[in-house]
Amino acid sequence: MLQTPAEFVPLMTAQGHPDPIAFVFRSGRLLVREDDLTLPDSRVGLPLHGLHAEHFHPVGLWQQRYCCTTFVDAELEPQPGFAFVQLRSLFGSMDEPLLGVASRAAQLAEWARTHRFCGHCANPMQLASGERAFKCPACSMVAYPRISPAMMVLIKRGDEILLARHVVSPTGRFSALAGFLEAGESIEEAIHREVMEEVGLRVKDLQYFGSQSWPFPHSLMIAFTAEYAGGEITPDASEIAEARWFGPQDARPEAPPGVSISSLLLDAHWPGARSTRN
Ligand SMILES: [Zn+2]
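Counting in the numbering used here, the sequence shown runs from 1 upward without gaps.
Here it is, written out as structure tokens:
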């Protein structure tokens, strides 16, 4: 699953290192060597793109190597032999622990890209000391990396589970319901609201399953199961193309990527499969 490797240590202060793990993002795409999809090295690959140590933000330490990240202008063309690729396209080809570090790096690079100026008084921001934040020297506004919590819920009814196809899903695959939290809302409140809005059902007995940081661009997916408590499936046509119960007799629909908590949630609760979590 996409997650931070266990031995990773976050860093807020830049360190010198002869061979850092350097993540360079352009509009969410990661700079890699075209031939083997590895990261550019600090001796050739980074200088070729005009990048030096002072351009990078600290991410952390992993396997005794300093990890750092930065963003470049949307117009910057990769040098011959390099390419900017979607992080999603590296699922399955880049090692999962390195992808986990890349997920952190992507979110920090996005934070740096989108907080160059104060959102209150428009002055250039400066890095704060002692915490990972930008601070405005004029009005003292502080901007932390943005994290957007979202709930995911798998509704169970007897030996059936409810899955839905979202209108905007690029793959058209069935998955558990999900949605972003509103400001001021608890996760539990968001689950009850989203389930009612999206499929018109009531649920009860919410059980926490797990969470996952999801760098597209800065979601925190918080997954639950819930028991059906009433109502008829009434999909919100603006969001849900189709929603229905899946039981032991049904073929499992195309699975979401194995790196996602959505996939783990289905694995643990697919009808007929022995749950590993309960
Ligand atoms: Zn300001």
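Positions of the beta carbon are idealized from the N, C-alpha and C atoms, including for glycine.
According to the DSSP assignment, LEU162 belongs to the beta strand (DSSP E) that extends over 160-166. Per the Cβ contact rule, the segment 263-274 is in contact with the segment 244-252 (3 or more Cβ pairs under 8 Å). The beta-bridge partner set that DSSP reports for THR225 consists of LEU154 and GLN207. For ALA164 against LEU154, the beta-carbon gap comes to about 11 Å, at or over 8 Å, which does not count as contact. Around the beta carbon of GLN107, a 10 Å sphere encloses 16 or more other beta carbons of the protein chains shown; the residue is thus reported as buried. Rounded to the nearest whole angstrom, the CA to CA distance from THR234 to ILE161 is 16 Å. The set of residues whose C-beta lies within less than 6 Å of a heavy atom of ligand 1 reads, in chain order, CYS118, HIS120, CYS121, ASN123, CYS136, ALA138, CYS139 and MET141. Every beta strand (DSSP E) of 3 residues or more that sits fully in the segment 37-108 is shown, in chain order, as 57-62, 65-71 and 82-86. Between SER103 and SER213 the beta-carbon gap is near 6 Å, inside 8 Å, which marks them as a contact. A Cβ-Cβ distance of about 29 Å is found for the pair PHE91 and PRO248, leaving them out of contact under the 8 Å criterion. When DSSP states are grouped into helix, strand and coil, GLU110 belongs to the helix group. Assignment of ILE187 by DSSP, reduced to helix, strand and coil, places it in the helix class.
Within its own chain, the residues whose Cβ lies closer than 8 Å to the Cβ of ARG29, once the five positions on either side in sequence are excluded, are PHE84, VAL85, GLN86 and LEU87, listed in chain order. Contact check between the segment 213-233 and the segment 258-267: three or more CB pairs, one atom from each, fall below 8 Å, which counts as touching. By alpha-carbon distance to TRP111, the top candidate from THR38, HIS57 and ILE191 is HIS57. ALA183 sits exposed, since fewer than 16 C-beta atoms from the chains shown fall within 10 Å of its C-beta.
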